[in-house]
Amino acid sequence: ENLMDSLQRLAPGRGGQQKRLVALGGSCCCFFFLLLSVGTLTPLQYGLTVNLITKQVNSEAVYEGGRHLIGPWKSFLAFPSTRVTVSFDNMKDSQGPLQTRTKDGLALTLQLAFQYRIEKDQLGKLFA
183 ENLMDSLQRL
193 APGRGGQQKR
203 LVALGGSCCC
213 FFFLLLSVGT
223 LTPLQYGLTV
233 NLITKQVNSE
243 AVYEGGRHLI
253 GPWKSFLAFP
263 STRVTVSFDN
273 MKDSQGPLQT
283 RTKDGLALTL
293 QLAFQYRIEK
303 DQLGKLFA
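First residue of the sequence shown? That's 183 in our numbering, and the numbers climb one at a time after it.
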């Protein structure tokens, strides 16, 4: 039994309704496919696309924050577009100080902080 026989049982003698039903089903499938093709980034992010099937990163195109049409089997790898602070000290939100020993065996505690920012035009080189 094919699709048209099934549709005729749903709406016998009404060819116009069958066409509308098929058109509605096709439209819903296209809309669902389009929704799967949209990726989003927050305003303070850069993104590279990654293929969810092959796990390959496209390092050629760098996207900024917003909604983008990237394809149904792709997703974004997001990176901050602002400065990021990495801190190793006794502050509340830090990693804690670095503990090590000198060559002579003396205890050494390092407290440091640094900032970095990824430049948009250099982001693709992280995956090259």
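From the three backbone atoms N, C-alpha and C, an ideal C-beta is built for every residue, glycine too.
How about residue 263 and residue 297: are their beta carbons less than 7 Å apart?
no
Compare the C-alpha of residue 247 against each of 235, 253, 241 and 229 and name the closest.
229
Sequence-distant residues of the same chain with beta carbon closer than 6 Å to residue 280, five excluded per side
270 and 292
Closest to residue 221 by C-alpha separation, out of 236, 215, 251 and 213, would be which residue?
251
For residue 231, is the classification buried or exposed, using 16 other Cβ atoms within 10 angstroms of its Cβ as the cut-off for buried?
buried
Limits of the unbroken beta strand (DSSP E) element including residue 294
294-298
Can residue 241 and residue 306 be called in contact, C-beta distance under 7 Å?
yes
Can you tell me which of the three DSSP states residue 285 falls into?
coil
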